Each structure stands twice: as C-alpha cells, then as structure tokens.
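Asks:
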Amino acid sequence: MSDNIPTPTAPAPDVLRCAYMELIVTDLKKSRDFYVDVLDLQVTEEDENAVYLRSMEEFIHHNLILRQGTTAAVAAFSYRVRSPEDVDRAEAYYRGLGCEVRRNRDGFVKGIGDSVRVQDPLGFPYEFFYDVEHVERLAWRYDLYSPGALVRLDHFNQVTPDVPKAVDYMEKLGFRVTEDIQDDAGTVYAAWMRRKPTVHDTAMTGGDGPRMHHVAFATHEKHNILAICDKLGALRLSDTIERGPGRHGVSNAFYLYLRDPDGHRIEVYTQDYYTGDPDNPRVTWDVHDNQRRDWWGNPVVPSWYTDASLVLDLDGTPMPVVERTDDSEMEVTIGADGFSYTRREDAASRFGAHSGADDGEDEFKLGHQL
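First residue of the sequence shown? That's -10 in this note's numbering, and the numbers climb one at a time after it.
This is the structure:
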C-alpha cells in the first residue's frame, strides 16, 4: 500500500514485553464493576478519575488503567524495556523516525517512572518505560483466586490498513513474526509478533485503522475460561460474550472474547506455545482456511472483523481512521450464506501441512503452499 518505515537512525530500545494498556472509558463505575467484580482483576490503586488494575501474577503496579473520559479509546499501548538506558534509546529512536515524542521523567501515570510516549509511524500511542513501583505479586494468595482468575497480561492486537508496513516497522523495533495469514498472491492479512517467548506481544490485523482490536489476559487453564462463561451466565451477562469459547488455529490457544461496557474488546487466552529459540519457525496460514481463526470450524461473528476501539494522539484526541484498500479478510472469508466454511477445494486436508524443504526452511505452512 505505502512505503515501508524509514531506516532508523538510532538503535532500537530492547523491549521486554507488553506491560499495560491505558483505556479511556465513559462510565468509570460501570467499567470498574466489569473488570473487578466480573473479571476479578485486582485493584492496586484508584481515585475518582482512574482505576489501576493488575493480574494475579503481576509485580508491577498495573496491567490496565481505566480512566474516565468522554470518548472510549486507547490512550497507550505500553511496553517495558530492559534498562533505564533503553528509555533513552526509545526517545532517540523515535525522534530519528520523525515521530512526535514526549518524555516525562516522573512518569505519565501512577506507578510508572521515567517514560517516553510516542505517536508511532502507524499512528498508535506507544509508551516505553523501565522504572516502576513494585507491588505484591498475588500468585500465592489463593484466598483471592476466583475460578476464572486472570494471571497475566498476554498481548495486544492492533488494526492497521497496511500490514506489511506494520510488520516492517515492528521487525525494525526488534519484534519477530511467529505466525501470519496470507493468500497465494502474497497479500498479508495479519501477523503475530513477539518479544517475550510466546506467540505474541502484539498482532497487526488488516483493517481500517489505527484502532485497537483487543487486549488479552491469560488464565492458567481452559477450565478457567469456562468458569468465566458460567459466571457471566449466572450474572445474566452472557450478552457480553462476543465469540467463543473455542480454540484458535493461529497460536493454538484456547480463547474467549468479551466486550466491556464501552465495547472495548477483551480476550481471555490460555495455552499457546513457546517461541524463544532463535530459529523458531514462522507458521503461515492460508486465508481461505477458516481453521486459523477457530480450530473447530465455528463461524466468526461479523463484529469481530468490523468493530475496534479508537486510539488517541498524545493530546488525547482520537486519531483519524484510514480505510484499508487491500483485500479484506472479511470479504475473502464470507461465503454466500454468511460466515461459512471457506476452505479452498485444492487445499490440503485438515492434517495437511508443509514443513518446508529438507534444507531447513524456517517456515511452516498450513492450508496450502504459498
């Protein structure tokens, strides 16, 4: 679609992991009730304007901020870096790319110290920090655990109109692609990228953007996700379930998608796989193989493709949304009778996979050879 990201003029910061998201919500009480009373995230700190939440195994101040505002949106996708010097590197790196950069040595939010916030080349508000307030890790507080306990922040998912540009940018930032979706013309519909040794810290999904598709928290086991579904049913809140539970082909993880009171999408996620070896093979999925989204072949609801949250610029104004002009995955995967099974007739069987040539090709291709 557009030119790739310019070659950086400074070293990239060493990103450790996705660390927290700052969400703007329009009714703080309703949002607090959802995330605390229903999903059982733990309150670290709160005031009349914001609630700081963390998962059970976290030791930094928060994984999610709910902040009162007038427009539901995302104010920050926040990453922790390896050292204080990497905050300096983040500032220099993005200034070298010509991005808007702001630094606050006291931190932009409670519990986080010296930080850099940028409007990145894709239009997303990214933050990088090292200094943080430590809090009690609640891993041993079994008196606080619920049957559906959320134990870690796992990943973000971002919507962008130009996935190849996004992949180029993230690879220059030091992220590695673990899985992607393509067609036989080479159109890339989505890509999953990681810093920690799991399937992803963020994914880039093709669509109108920049927008936030979802933020994901992990549970220990599948039964924790089923317990969340049972709880939602008992509370007569099953209408907050958008999709699932089910198993993804991409990532091999068990999933559940929920919508919060503002429509922000939350994934509950468990049991993906280790990706930390330097020669970890990339998995490429055929866009016509609907098992990439749901391994059991269940249909995907239209809202999952169309709906996403706005993101803010550094002044708190919603970023304009740019339409995707390349082929849309939604258009490719909808049959005449709705969201139907769309496997190509010439695709391999459900167990048919190509693991590459004998010379050690570092790619694993599902659905058909590209």
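The beta carbon of each residue, even a glycine, is placed where N, CA and C say it ideally should be. None of these values were measured; they are calculated from a predicted model.
Tell me where the alpha helix (DSSP H) around GLU46 begins and ends.
Replies: Here residue 46 refers to the residue found at position 57 of the sequence shown. Looking at the DSSP string, GLU46 is not in any alpha helix (DSSP H), and its letter there is neither H nor E.
Asks: Is PRO250 a contact residue of the ligand NAP, with contact defined as CB to any heavy atom under 7 Å?
Replies: Here there are no bound small molecules, and the ligand NAP is not part of this structure.
Asks: Counting C-beta neighbours from all protein chains within 10 Å, is the total for TYR131 16 or more, i.e. buried, or is it exposed?
Replies: For this step, residue 131 is matched to residue 142 along the sequence shown. Around the CB of TYR131, fewer than 16 other CB atoms lie within 10 Å, so the residue is classed as exposed.
Asks: Taking the runs of the alpha helix (DSSP H) that are 4 residues or longer, which of them lie wholly in the stretch 152 to 217?
Replies: 152 to 161
Asks: Can you tell me which of the three DSSP states SER317 falls into?
Replies: Along the sequence shown, one-based indexing puts residue 317 at 328. Looking at SER317 - three-state DSSP - the assignment turns out to be coil, as it is neither helix nor strand.
Asks: Straight-line CA distance for TYR24 to HIS277?
Replies: Residue 24 sits at position 35 when you count from the first residue of the sequence shown. Residue 277 sits at position 288 when you count from the first residue of the sequence shown. Using only the alpha carbons, I get a separation of about 36 Å.
Asks: In the DSSP assignment, the beta strand (DSSP E) including TRP274 goes from what residue to what residue?
Replies: Numbered from 1 along the sequence shown, position 285 holds the residue referred to as residue 274. Note, TRP274: beta strand (DSSP E), 271 to 275.
Asks: In or out: THR306 buried (at least 16 other Cβ within 10 Å) or exposed?
Replies: As a position in the sequence shown, residue 306 is number 317, starting the count at 1. Result: exposed.
Asks: Going by alpha carbons, who is nearest to ASP3 out of THR208, VAL70, ASP275?
Replies: Start at 1 with the first residue of the sequence shown, and residue 3 comes out as number 14. Nearest C-alpha to ASP3: VAL70.
Asks: In the DSSP assignment, find the alpha helix (DSSP H) that holds ALA81 and state where it starts and stops.
Replies: As a first step, residue 81 is located in the sequence shown; it is residue number 92 there, counting from the start. The continuous alpha helix (DSSP H) containing ALA81 extends over residues 73 to 85.
Asks: Tell me, to the nearest whole angstrom, how far the beta carbon of HIS212 is from that of ASP283; I am working on the premise that it is less than 8 Å.
Replies: Residue mapping note: residue 212 aligns to position 223 of the sequence shown, counting from 1. Residue mapping note: residue 283 aligns to position 294 of the sequence shown, counting from 1. Incorrect: roughly 19 Å between the Cβ atoms, too far for contact.
Asks: Mapping DSSP to helix, strand and coil, what is GLN260?
Replies: On the sequence shown, position 271 is the one that residue 260 refers to. Residue state, collapsed to three classes: coil.
Asks: Out of VAL148, MET45, ASP169, SER135, which one is the CA nearest neighbour of SER240?
Replies: As a working note, residue 240 is residue 251 in the sequence shown. Nearest of VAL148, MET45, ASP169, SER135 to SER240, Cα basis: ASP169.
Asks: So what's ARG126 in DSSP terms, helix, strand or just coil?
Replies: Looking up residue 126 in the sequence shown gives position 137. Reduced to three states, the DSSP call for ARG126 is coil.
Asks: Within 10 angstroms of the Cβ of THR259, are there 16 or more other Cβ atoms? Answer buried if so, exposed if not.
Replies: Residue 259 sits at position 270 when you count from the first residue of the sequence shown. Its Cβ being crowded by 16 or more others within 10 Å, THR259 is buried.
Asks: Which term fits PRO199, buried or exposed, when burial requires 16 or more other beta carbons within 10 angstroms of its beta carbon?
Replies: As a first step, residue 199 is located in the sequence shown; it is residue number 210 there, counting from the start. Result: buried.
Asks: Does DSSP put GLY341 in a helix, a strand or coil?
Replies: Taking the first residue of the sequence shown as 1, we reach residue 341 at position 352. Here the model assigns GLY341 a pLDDT of 43, short of 50, so the residue's position is not dependable and the matter cannot be decided.
Asks: DSSP three-state call for ALA1: helix, strand or coil?
Replies: Counting from 1 along the sequence shown, the entry for residue 1 is found at position 12. Of the three classes helix, strand and coil, the one that applies to ALA1 here is coil, per DSSP.
Asks: Let's see if you can read the secondary structure: which residues bound the alpha helix (DSSP H) around LEU17?
Replies: Walking along the sequence shown from the start, residue 17 turns up at place 28. Note, LEU17: alpha helix (DSSP H), 17 to 21.
Asks: Just to check my reading of the structure: MET182 and ALA174 have Cβ atoms closer than 8 Å, yes? What is that Cβ distance to the nearest angstrom?
Replies: Taking the sequence shown and counting its residues from 1, the one referred to as residue 182 is at position 193. Taking the sequence shown and counting its residues from 1, the one referred to as residue 174 is at position 185. The C-beta distance from MET182 to ALA174 rounds to 22 Å, too long to fall under 8 Å, and the pair is not in contact.
Asks: What distance in whole Å lies between the Cβ atoms of ALA65 and PRO375, which are believed to be in contact at a cut-off of 8 Å?
Replies: In the structure as shown, the chain begins at -10 and stops at 359. Residue 375 is therefore absent and cannot be evaluated.
Asks: Quick one, which of ASP251, GLU11, THR314, HIS203 has its alpha-carbon nearest TRP293's?
Replies: Mapped onto the sequence shown, residue 293 falls at position 304. Among ASP251, GLU11, THR314, HIS203, the Cα nearest to that of TRP293 is on HIS203.
Asks: Look up TYR244 in the DSSP assignment and say whether it is helix, strand or coil.
Replies: One-based indexing of the sequence shown puts residue 244 at position 255. Three-state DSSP puts TYR244 in a strand.
Asks: Quick check on ASP95: does DSSP put it in helix, strand or coil?
Replies: Counting from one through the sequence shown, the residue named residue 95 turns up at place 106. Three-state result, ASP95: coil.
Asks: Thinking C-beta only, is ALA216 closer than 8 Å to GLY137?
Replies: Within the sequence shown, numbered from 1, the residue matching residue 137 stands at position 148. Within the sequence shown, numbered from 1, the residue matching residue 216 stands at position 227. Yes, the pair counts as a contact, with Cβ atoms nearer than the cut-off.
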